[in-house]
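Residue numbers (our numbering), protein chains in the order written: chain A, 1 to 213; chain B, 214 to 426; chain C, 427 to 639; chain D, 640 to 852. Backbone N, C-alpha and C fix where the C-beta goes; we use that ideal spot for every residue, glycine too. Below is one structure, written out as C-alpha cells; the observations come after it.
Number of protein chains: 4
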Amino acid sequence: MKLLLTAFDPFGGEAVNPALEAVKMVRPVVSAIEVVKLEVPTVFGKAIEKVREAIEEIQPDVVLCIGQAGGRFDISVERVAINIDDARIADNEGNQPIDCTIVVDGPPAYFATIPIKAIVDTIRKIGLPSSVSNTAGTFVCNHLMYGVLHTLALQDKPMRGGFIHVPFIPAQVVARPNAPCMSLSDIVRALEAAITAIGSFTDDVKLAGGKEF
Amino acid sequence: MKLLLTAFDPFGGEAVNPALEAVKMVRPVVSAIEVVKLEVPTVFGKAIEKVREAIEEIQPDVVLCIGQAGGRFDISVERVAINIDDARIADNEGNQPIDCTIVVDGPPAYFATIPIKAIVDTIRKIGLPSSVSNTAGTFVCNHLMYGVLHTLALQDKPMRGGFIHVPFIPAQVVARPNAPCMSLSDIVRALEAAITAIGSFTDDVKLAGGKEF
Amino acid sequence: MKLLLTAFDPFGGEAVNPALEAVKMVRPVVSAIEVVKLEVPTVFGKAIEKVREAIEEIQPDVVLCIGQAGGRFDISVERVAINIDDARIADNEGNQPIDCTIVVDGPPAYFATIPIKAIVDTIRKIGLPSSVSNTAGTFVCNHLMYGVLHTLALQDKPMRGGFIHVPFIPAQVVARPNAPCMSLSDIVRALEAAITAIGSFTDDVKLAGGKEF
Amino acid sequence: MKLLLTAFDPFGGEAVNPALEAVKMVRPVVSAIEVVKLEVPTVFGKAIEKVREAIEEIQPDVVLCIGQAGGRFDISVERVAINIDDARIADNEGNQPIDCTIVVDGPPAYFATIPIKAIVDTIRKIGLPSSVSNTAGTFVCNHLMYGVLHTLALQDKPMRGGFIHVPFIPAQVVARPNAPCMSLSDIVRALEAAITAIGSFTDDVKLAGGKEF
Numbered sequence: 001m002k003l004l005l006t007a008f009d010p011f012g013g014e015a016v017n018p019a020l021e022a023v024k025m026v027r028p029v030v031s032a033i034e035v036v037k038l039e040v041p042t043v044f045g046k047a048i049e050k051v052r053e054a055i056e057e058i059q060p061d062v063v064l065c066i067g068q069a070g071g072r073f074d075i076s077v078e079r080v081a082i083n084i085d086d087a088r089i090a091d092n093e094g095n096q097p098i099d100c101t102i103v104v105d106g107p108p109a110y111f112a113t114i115p116i117k118a119i120v121d122t123i124r125k126i127g128l129p130s131s132v133s134n135t136a137g138t139f140v141c142n143h144l145m146y147g148v149l150h151t152l153a154l155q156d157k158p159m160r161g162g163f164i165h166v167p168f169i170p171a172q173v174v175a176r177p178n179a180p181c182m183s184l185s186d187i188v189r190a191l192e193a194a195i196t197a198i199g200s201f202t203d204d205v206k207l208a209g210g211k212e213f
Numbered sequence: 214m215k216l217l218l219t220a221f222d223p224f225g226g227e228a229v230n231p232a233l234e235a236v237k238m239v240r241p242v243v244s245a246i247e248v249v250k251l252e253v254p255t256v257f258g259k260a261i262e263k264v265r266e267a268i269e270e271i272q273p274d275v276v277l278c279i280g281q282a283g284g285r286f287d288i289s290v291e292r293v294a295i296n297i298d299d300a301r302i303a304d305n306e307g308n309q310p311i312d313c314t315i316v317v318d319g320p321p322a323y324f325a326t327i328p329i330k331a332i333v334d335t336i337r338k339i340g341l342p343s344s345v346s347n348t349a350g351t352f353v354c355n356h357l358m359y360g361v362l363h364t365l366a367l368q369d370k371p372m373r374g375g376f377i378h379v380p381f382i383p384a385q386v387v388a389r390p391n392a393p394c395m396s397l398s399d400i401v402r403a404l405e406a407a408i409t410a411i412g413s414f415t416d417d418v419k420l421a422g423g424k425e426f
Numbered sequence: 427m428k429l430l431l432t433a434f435d436p437f438g439g440e441a442v443n444p445a446l447e448a449v450k451m452v453r454p455v456v457s458a459i460e461v462v463k464l465e466v467p468t469v470f471g472k473a474i475e476k477v478r479e480a481i482e483e484i485q486p487d488v489v490l491c492i493g494q495a496g497g498r499f500d501i502s503v504e505r506v507a508i509n510i511d512d513a514r515i516a517d518n519e520g521n522q523p524i525d526c527t528i529v530v531d532g533p534p535a536y537f538a539t540i541p542i543k544a545i546v547d548t549i550r551k552i553g554l555p556s557s558v559s560n561t562a563g564t565f566v567c568n569h570l571m572y573g574v575l576h577t578l579a580l581q582d583k584p585m586r587g588g589f590i591h592v593p594f595i596p597a598q599v600v601a602r603p604n605a606p607c608m609s610l611s612d613i614v615r616a617l618e619a620a621i622t623a624i625g626s627f628t629d630d631v632k633l634a635g636g637k638e639f
Numbered sequence: 640m641k642l643l644l645t646a647f648d649p650f651g652g653e654a655v656n657p658a659l660e661a662v663k664m665v666r667p668v669v670s671a672i673e674v675v676k677l678e679v680p681t682v683f684g685k686a687i688e689k690v691r692e693a694i695e696e697i698q699p700d701v702v703l704c705i706g707q708a709g710g711r712f713d714i715s716v717e718r719v720a721i722n723i724d725d726a727r728i729a730d731n732e733g734n735q736p737i738d739c740t741i742v743v744d745g746p747p748a749y750f751a752t753i754p755i756k757a758i759v760d761t762i763r764k765i766g767l768p769s770s771v772s773n774t775a776g777t778f779v780c781n782h783l784m785y786g787v788l789h790t791l792a793l794q795d796k797p798m799r800g801g802f803i804h805v806p807f808i809p810a811q812v813v814a815r816p817n818a819p820c821m822s823l824s825d826i827v828r829a830l831e832a833a834i835t836a837i838g839s840f841t842d843d844v845k846l847a848g849g850k851e852f
C-alpha cells in the first residue's frame, strides 16, 4: 500500500507548522505502508493543484493531509469537507476568498473515506487524545480536503482520502497563555498510529464519536 | 412574510432548553414578519416529521430552527448541515444512531439558505456576541437542520431555512464552573434581530466570517 | 448599616468597566443597607488613597470593592489579597511596578472579612453563577483590596471589607471570540444579592468552596 | 547544593500523578545539585509531617514540592501559599476540612523563596510554556506549600522553598475532551530546568509576570 502524506508550510505568522515538522519525522514505511511525503503551500488553488499532480504521478492508494489547528487540544480526524472558501485571514499569497464555491457544480460536501473512528480509537489506545471533528473550517485546510476528495472521486483506481488536524507544539505556546499543545514526538506517534489504522481497516468501526453541536 | 420558529424540548438531563424558553418570549410579529412557533421533540426522526407537517400546514416563507449549544459562548448561526447521524448520547426516546445517513440518496450536505453573515452582523450591532458556525454537530440539531433543508428543497414554493444555536442561560451554569452563558432576555433580543435580518436580506452580505479550522 | 461600594474606571483599553456600570445601577438602599458609591482610578497608590479618604469621611460599616475580571465566567468573590504589586500591563497613569511590596512591614496577606461563602451561596440562589476566588491577581485590584483591608485593620471602629470581580458584559466580547460574559442587569442583581448577604451574615457559613489549585 | 524534591501520590480518582511520575525521572544530580526525592501522601497534616521529617534528616538547601494541576496548560510556579484549608473534595484519607487555619497564629501567607521569575524564564527558554501562578488553591498542595515554608522559616540554617504545579499527561486526557496536557518527558525537562534556575539565581530576576486577576 502506498500513502501520500501531505503537510502545509507555516502560515498565520507562525515560524513553524507542526503538521510539516511531524510529517518530516514520520518513518518512510509504517506498518508495511510506503509513505510518500509532500509539502504543500498554504495557498488557495495551488494547494489542491500540487497534491493533484502528486496523485497523478505517485498513484497512491491513500491520500492523508495534515494541517495545524492551533487552539485544538487533540489529534482531530476530520469527518467532512464542505464546498466553500471563507477566509478570515489571508493565505500565504494574500488571497482571502469570502464565501466562494471551491468546485462549481461540485457536491456540497465530501465525507472522508479513511476510517475516522478506527483512527481515533487507535490513537487513543497509544495514550494520546484524539476525536472526530465535524468541521475542517473554511480556510485552506478544508479547501485542500475538499479538493483532494473531489480529485479522488474522479479517479479510475479507488483511492481513499482524509485530513487530520494537529495541535500547536509547545514552542508555539510559550508566548500564548492558556493555549493547548502536544509534543512533536507525540504528534508523530499519533500520525503513525493513524497510518497503521488506515492500513488495517478498510471499513470503519462502529464507535460513538459524534458531538451534540 | 411568515416565519416558522421551532425550538427543541429539554434534553441531556437539563431542566430547561434555553432555545425553547427564548422562542416562547419572541414577539408574535417581529419587523412585520409573522412568527409561528413550534416545540419540537429532541428525537431523531420525529423532530423532522413534526416540522415537516408544520411546513405543509403553515406554508411559511422561512423556517428557523433554534437549539441549545451548551458550552458555546455566543449566538452561532449554522452554515451547513451534513447527511449523518452520530449520537454521543441518547435522544429523548433512547435512540442513539451511530454513523447513519439521514436521507438515503440525499446530498452529503445542505447549506443554510438564510443570510447567515447578515444575521451575525445584525446581532453584533445590538451589542451581543455572534458568529458563523461551520458545524451543527451530529446529533438531533444537525439532523433537524438537514431534514428541514431537504424538505424545503423539495417544495414548489421557494422557502428559506436555517438553524441558530444558543448558549446556556445563567441558571444552567450555576453548578457548572467555567461554563459560558447568556441571559434569556439577551437570547430573545438576538433571535428577534436574526428574524429582522432574515426579513431585510434576501441575499447574504459579503463579510469575512470563516474559521481556519 | 452603611456600605461603601467602589468601582474602578475603565482600563486596559476598554471603553467601559462593567464594575463601574453595575455599581452605578445598584439601588441606593439595598435590604435596608445604605449604599455610598465611589469611582476609583485604576492607578497604583491613588486607588488606595481615594478609598482611604472616603472611609475616613463616610465611616462605613463595610467597604466592598468591585473590579472587572475579563475572561472569568462568574461573579467571583475574592478570599485573599497579597502584599505584592506585579503589573503585566501599565495602569491608567503608566505605572507598572514589578514585584514591589504594597505596604512595607505589612502582613503578607489579608483575608476578606465579608462572608464570602454566604455571598456566593446567595448569588447562586438567585440563579447566577458565582464562586470563591483565591487570587485577586497582582494588579490594581489586588492592590486596592490589600490596601483597603490594611486600612480597615487600623481603624478603631470595626469595619469589614472585601472585593468582588465581575465578568465582561456582552458588548465587550462582540469582537472577542470565545470570551465569557454576563449581562449588566445580572451583574447588578448579583451585587445587590452580595450586599444583602453581607447585611445578613456577620459570620460566614461553612460551605465547601475551595479549589484544588 | 542539596535539593529535596517532593511529589504527591495520585488523588482525585486518577491512576497516576504526573508530578510523581516526573519526579521519578528527574536525574539524581542536576547542574551539580544533588536531588533527594520524596513521595508524599495527598493527606492533610501527614503531607507536611512527612516533608518536615525529611527536612530534618536531609538538611537540604532547597525544598521543591511538585503537584498536579489538572486543567492548567503550563508549568506554573507558585508565588504564594495561604493559611487556609478549604477542600472541595476529600483527600486520600477522607479528610475534607472547610475554611480551617493550617497553622494557628501562623502568618496569613508565605511567599515562595525560590526565584519564581527566573524559573519561568528558564523553562520558557527551553521551549516549554510556563508562568507564575498566584494561587496554589486551598487543597493539599497549598497546605503543603504553606507548611513547608513555615517549617523552613523556623530553621536555623537558611533554606529556600517553593511549589510547582504540572499539567495532566496525555494518557490522563484521553477520556477528557478539551483538557490540556503536557508530555511526561517535557515535564521532566521543565523540572530539571527549574532546578538549574534555583541553583543559578539566589535573588530573583525582575521580569513582568503578574496577572490582572
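Compute the distance between the beta-carbons of D:V716 and D:S670, then report whether it is under 8 Å. Locating residue 716 of chain D in the fourth sequence gives position 77, counting from the first residue. Locating residue 670 of chain D in the fourth sequence gives position 31, counting from the first residue. No, Cβ-Cβ distance for D:V716 and D:S670 is not below 8 Å.
Is the CB-CB distance between B:K250 and B:V236 below 8 Å? One-based indexing of the second sequence puts residue 250 of chain B at position 37. One-based indexing of the second sequence puts residue 236 of chain B at position 23. Yes, the pair counts as a contact, with Cβ atoms nearer than the cut-off.
Quick check on the burial criterion: 16 or more other C-beta atoms within 10 angstroms. Buried or exposed for B:N347? Start at 1 with the first residue of the second sequence, and residue 347 of chain B comes out as number 134. Classification for B:N347: buried.
Output needed for D:C780: all residues of its chain with C-beta closer than 6 Å, excluding positions within five of it in sequence on either side, in chain order. Walking along the fourth sequence from the start, residue 780 of chain D turns up at place 141. Closer than 6 Å at Cβ, skipping near neighbours: G706.
Within chain B, partners of A:N134 - CB distance below 9 Å: Within the first sequence, numbered from 1, the residue matching residue 134 of chain A stands at position 134. Ordered by position in chain B, the residues that pass the 9 Å Cβ test against A:N134 are I295, I297, D299, N347, T348, A349, G350, T351, N355.
Report the partner residues of A:K37 according to the DSSP bridge assignment. The residue given as residue 37 of chain A occupies position 37 in the first sequence. A:L5, per the DSSP bridge assignment.
Going along the chain, which residues of the segment 741-773 of chain D sit with their C-beta nearer than 7 Å to a C-beta in chain C? Against chain C - using a Cβ distance shorter than 7 Å - the residues of the segment 741-773 of chain D are P746, P747, A748, Y749, F750, N773.
Exposed or buried, A:T219, counting other C-beta atoms within 10 Å across all chains shown (16 or more means buried)? Because chain A spans 1 through 213 in this model, residue 219 of chain A falls outside it and cannot be assessed.
Going by other Cβ atoms of all chains shown within 10 Å of its Cβ, with 16 needed for buried, is A:K125 buried or exposed? Within the first sequence, the letter at position 125 stands for residue 125 of chain A. By the neighbour-count rule (16 or more Cβ atoms within 10 Å), A:K125 is not buried but exposed.
A:S183 versus chain D: which residues are under 8 Å apart at the beta carbon? Mapped onto the first sequence, residue 183 of chain A falls at position 183. Residues of chain D passing the Cβ test: M821, S822, S824, D825.
At what residues does the alpha helix (DSSP H) containing D:C780 begin and finish? Taking the first residue of the fourth sequence as position 1, residue 780 of chain D is located at position 141. Residues 779-792.
Please compile the residues from chain G whose C-beta is within a distance smaller than 8 Å of the C-beta of C:F434. Absent from the structure is chain G; the protein chains it does hold are A, B, C and D.
Within 8 Å, strictly: CB atoms of C:D500 and C:P593: Here residue 500 of chain C corresponds to residue number 74 of the third sequence, with the count starting at 1. Here residue 593 of chain C corresponds to residue number 167 of the third sequence, with the count starting at 1. Their beta carbons are under 8 Å apart, which means C:D500 touches C:P593 by this criterion.
Output, in chain order, the set of chain D residues within a Cβ distance shorter than 7 Å of A:F73. Your numbering for residue 73 of chain A matches position 73 in the first sequence. Those are N817, A818, P819, listed as they occur along chain D.
Do the CB positions of D:C704 and D:T790 come within less than 8 Å of each other? Your numbering for residue 704 of chain D matches position 65 in the fourth sequence. Your numbering for residue 790 of chain D matches position 151 in the fourth sequence. Here D:C704 is not near D:T790, since their CB atoms are 8 Å or more apart.
Look up B:Q385 in the DSSP assignment and give the residues it is bridged to. By 1-based counting over the second sequence, the position of residue 385 of chain B is 172. Answer is none; B:Q385 lacks a bridge partner.
Given C:T468, which residues of its chain have a CB within under 7 Å of its CB, disregarding the five upstream and five downstream residues? The residue you call residue 468 of chain C lines up with position 42 of the third sequence. For C:T468, the CB contacts under 7 Å within the same chain, skipping 5 residues up- and downstream, are F434, D435, F437, D517, N518, V566 in chain order.
Counting only Cβ pairs nearer than 8 Å, list the residues of chain B close to C:P596. Position 170 of the third sequence, counted from the start, is the residue given in the question as residue 596 of chain C. The contacting residues are G340, L341, P342, M395, D399.
Using the beta-carbon count (16 or more within 10 Å), is B:K424 buried or exposed? As a working note, residue 424 of chain B is residue 211 in the second sequence. With 16 or more Cβ atoms within 10 Å of its Cβ, B:K424 is classed as buried.
So that I know if they touch, is there some Cβ in chain D lying closer than 8 Å to that of C:H576? Here residue 576 of chain C refers to the residue found at position 150 when the third sequence is read from its first residue. Not a single C-beta of chain D is nearer than 8 Å to the C-beta of C:H576.
Using the Cβ count rule (16 or more neighbours within 10 Å means buried), how would you classify C:E618? Within the third sequence, residue 618 of chain C is the residue found at index 192, counting from 1. Around the CB of C:E618, 16 or more other CB atoms lie within 10 Å, so the residue is classed as buried.
Less than 8 Å between CB atoms is the rule here; does B:I480 satisfy it with respect to chain A? Past the boundaries of the shown model lies residue 480 of chain B; chain B is included only from 214 to 426, so the question cannot be answered.
Can you pull the chain A residues whose beta carbon is under 9 Å from the beta carbon of B:A282, in chain order? What you label residue 282 of chain B is simply residue 69 of the second sequence in a count that begins at 1. Listed along chain A, the residues sitting closer than 9 Å to B:A282 by beta-carbon distance are E212, F213.
Could you give the distance in angstroms between the alpha-carbon of D:T841 and the alpha-carbon of A:P18? Locating residue 841 of chain D in the fourth sequence gives position 202, counting from the first residue. Locating residue 18 of chain A in the first sequence gives position 18, counting from the first residue. For D:T841 and A:P18, the distance between alpha carbons rounds to 37 Å.
Here's the rule: buried if 16 or more other CB atoms are within 10 angstroms of the residue's CB, otherwise exposed. What is A:P158? Here the question's residue 158 of chain A lines up with position 158 in the first sequence. By the 10 Å Cβ count, A:P158 comes out exposed.
Tell me, please, which residues DSSP counts as bridged to B:S289. The sequence position of residue 289 of chain B within the second sequence is 76, counting from 1. According to DSSP, B:S289 bridges with B:S344, B:H378.
Distance check for D:L823 and A:P60, CA to CA, integer angstroms please. Counting from one through the first sequence, the residue named residue 60 of chain A turns up at place 60. Counting from one through the fourth sequence, the residue named residue 823 of chain D turns up at place 184. Their Cα atoms are separated by approximately 36 Å.
Checking contacts by CB at 8 Å: is D:D738 closer than that to chain C? Position 99 of the fourth sequence holds residue 738 of chain D. For D:D738, the nearest beta carbon of chain C is closer than 8 Å to its own beta carbon.
Use the C-beta contact count for C:T548: other C-beta atoms within 10 angstroms, 16 or more gives buried, fewer gives exposed. Taking the first residue of the third sequence as position 1, residue 548 of chain C is located at position 122. Under the 10 Å beta carbon count, C:T548 is surrounded by 16 or more other beta carbons and is classified as buried.
Can you give me the start and stop residues for the beta strand (DSSP E) that B:G280 sits inside? On the second sequence, residue 280 of chain B is found 67 positions in, with the first residue counted as 1. Taken as a continuous stretch (DSSP letters only), the beta strand (DSSP E) holding B:G280 covers 275-281.
Contacts that C:V631 makes with chain B (C-beta to C-beta distance below 7 Å): The count along the third sequence starts at 1 and reaches residue 631 of chain C at position 205. Neighbours of C:V631 across chain B, judged by C-beta separation under 7 Å, do not exist; the nearest C-beta is about 17 Å away.
Just verifying my parser: in three-state terms, what is the DSSP assignment at C:V529? As a first step, residue 529 of chain C is located in the third sequence; it is residue number 103 there, counting from the start. Reduced to three states, the DSSP call for C:V529 is coil.
Between B:S241 and the rest of its own chain, which residues show a CB-CB distance below 6 Å, the 5 nearest in sequence each way excluded? By one-based count along the second sequence, residue 241 of chain B stands at place 28. Ser is not the amino acid found at residue 241 of chain B; the sequence shown has Pro there. Once the five neighbours on either side are set aside, the close Cβ partners of B:P241 are V248.
What would DSSP say about D:R828, mapped onto helix, strand or coil? Position 189 of the fourth sequence holds residue 828 of chain D. Shown here, D:R828 sits in a helix according to DSSP, grouped into three states.
Per-residue burial, D:M936 [other beta carbons within 10 Å of its own, 16 or more giving buried]: There is simply no residue 936 of chain D to check, as chain D begins at 640 and stops at 852 in what is shown.
DSSP beta-bridge partners for B:D298? Walking along the second sequence from the start, residue 298 of chain B turns up at place 85. Answer by DSSP bridge pairing, in chain order: B:C313.
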